[in-house]
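Have a look at the structure below, then the notes.
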Amino acid sequence: MSETQLKIPYASIENHIQCSICLAVIRGAILTHCGHRYCNRCITEWVERHHRCPCCNSNLTTQQFHYDVQFDSLVEDILTERDKAEQAYFDKMQNSEASPCLSSFEEILKKHMKSSLMSHKRYFDLLRDECERKINLLNGGINTLPEGHNVSGTDNCDNIDNLKDAMRNNLEESERLASEAFDRYLTEHVPSIEILPVTVSVYLADKNIRLPDVVFKPSDSLDVLKPIVENAMLAKTDKIVAWTDEGGTKLLFGPLSKTGTYDIAEVSSNIDTLPDVHQLTWNTRPIFQHHMQPGSEIVLQGVFKAESDLPQRCFANTFHENGSQPTDYFLCYKCNVKWICKSCIQCCHTGHNIAPFVLRHKPTWACCYCPKKQLCKIQNK
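Under our numbering, the residues of the sequence shown are numbered 1 to 381, in order.
Now the structure itself:
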């Protein structure tokens, strides 16, 4: 017999030993006449209600079931080896010092695991010390009895031993109950990595603006980005005036597929061949539907119209002497000019170092220093 050791990742065979009804490991394997396997209990309940195979929809009765004992044995061997590998991994992580072999995620788990173990060790050490203290007090009380008080009788000795045993049993019971309570708490509260919030970046391709550290909760749909994008554009003095809900391009790039810039047209035309890129809609829930990973990037193009996308006119041309026109003015550090209207700051000073100067000002004349300094590109001559 060959002694060759096969090392096969559990993830590569996990789907092959799962019941497609309960999505858990198959227990009491039943092989149908159409070649599919299920848990005995799952397929029995299913067939009694639907009389068909869940996978291929062919007619099926319980008389066509075949018990697959060999498959059950194979599953047990696989689970045993999986548990051994997990225990070895746990032992290695627990016993190792800080190591470059451990990922940052593993280091975090190890840190909290160590802290939790030490906390519980101190807790149970106090319980054990208290138990030993009471037993020692009991022994000390016997040793200090006055002469003439004899406790060496069988009944008295048995009573004392029973008290000691009762205290030790109570200690064990306390440890057991605490451990079970802690296990229940971890089962209910320690989250799977798949349901944690995910931090991604958002790239506005039209504006060449990248928004880092955008956090998605598992239940969030893509439209949670709208107020985030609106605030970012407002900070750039380029207010969004309309969203094109039915148009534009919305793509999700996995962490290993994202780049600095994107050829959106080429990606969109070849998206079926790109397994790490997904087409989105505003109603898409990226974590649930596409397993969005930390470090992914969402690319938006043509999904909104901003003020800079509208035909621009300098305030010097739009001023009405009898009208009330609250206007925002800006300064450009590169050109060393103040009192620049919003249209000019967006069109004539693109990419410059700018800042708000006076907001909501009500000028009494056609005030904009951009044309005055002969820098204006949009003023009507």
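Built from N, CA and C at the ideal position, the CB exists for glycine as well.
Please read all numbers here as calculations on a predicted model, not as lab measurements.
- Secondary structure at Q70: helix, using DSSP grouped into helix, strand and coil.
- Apart from the 5 residues on each side of it in sequence, K338 sits with its Cβ closer than 7 angstroms to the Cβ of L331, F357, Y369 in its chain, given in chain order.
- Unbroken alpha helix (DSSP H) runs of no fewer than 4 residues, entirely contained in the segment 156-188, are not found.
- Per DSSP, the beta bridge partners of W243 are F304.
- Contact check for H352 against K372 fails: the beta carbons are separated by 7 angstroms or more.
- Counting along the chain, Q346 sits inside the alpha helix (DSSP H) bounded by residues 342-347.
- Considering only I43, S201, C55, H33, the residue with the shortest C-alpha distance to K258 is S201.
- The segment 240-259 and the segment 269-280 touch, with no fewer than 3 CB-CB distances between them shorter than 8 angstroms.
- Between the C-alpha atoms of S119 and L225 there is a straight-line separation of about 41 angstroms.
- The straight-line gap separating the alpha-carbon atoms of Q312 and P255 is approximately 38 angstroms.
- By the CB criterion at 7 angstroms, C376 and C341 fall outside the cutoff.
- Between I30 and S20, the alpha-carbon positions lie close to 12 angstroms from each other.
- In the three-state scheme derived from DSSP, where H, G and I count as helix and E and B as strand, R41 is classed as helix.
- Counting along the chain, the unbroken alpha helix (DSSP H) around C370 starts and ends at 369-372.
- Between the segment 223-239 and the segment 285-295 there are fewer than three C-beta pairs closer than 8 angstroms, too few to call the two in contact.
- In this structure, H36 keeps its C-beta atom at 7 angstroms or more from the C-beta atom of Q64.
- Annotation: Q87 to D223 spans about 43 angstroms, alpha carbon to alpha carbon.
- By the C-beta density criterion, A316 is buried, having at least 16 other C-beta atoms within 10 angstroms.
- Judged by DSSP secondary structure, F357 falls within the beta strand (DSSP E) whose first and last residues are 354-361.
- L204 and P326 have their C-alpha atoms roughly 29 angstroms apart.
- DSSP places W339 within a strand segment (E or B) once states are collapsed to three.
- C-alpha of I135 to C-alpha of D183: approximately 30 angstroms in a straight line.
- DSSP places Q289 outside any beta strand (DSSP E); the residue lies instead in the alpha helix (DSSP H), whose first and last residues are 286-290.
- Selection Q379, Q301, W365, R27 evaluated against S73 yields R27 as nearest (Cα-Cα).
- The residue among D213, D77, W243 with its C-alpha nearest the C-alpha of E307 is W243.
- Look at Q18 here: in three-state DSSP terms it is strand.
- Each of S219, V229, L127 was checked against the Cα of F304, and the nearest Cα belongs to V229.
- The three-state reading of DSSP puts Y123 in helix, counting H, G and I together.
- When secondary structure is reduced to three states using DSSP, P227 falls in the helix class.
- Annotation: A265 is outside any beta strand (DSSP E); the continuous alpha helix (DSSP H) that includes it extends over 264-269.
- Assignment of F253 by DSSP, reduced to helix, strand and coil, places it in the strand class.
- With fewer than 16 other beta carbons inside 10 angstroms of its own, T364 counts as exposed.
- Within the model, the alpha-carbon separation for E321 versus Y329 is close to 18 angstroms.
- In this structure, the straight-line span from the alpha carbon of I354 to that of Q346 is close to 10 angstroms.
- Counting the other Cβ atoms within 10 Å of the Cβ of Y38 gives 16 or more, which makes it buried.
- Between L171 and L109, the gap from beta carbon to beta carbon reaches 7 angstroms or more.
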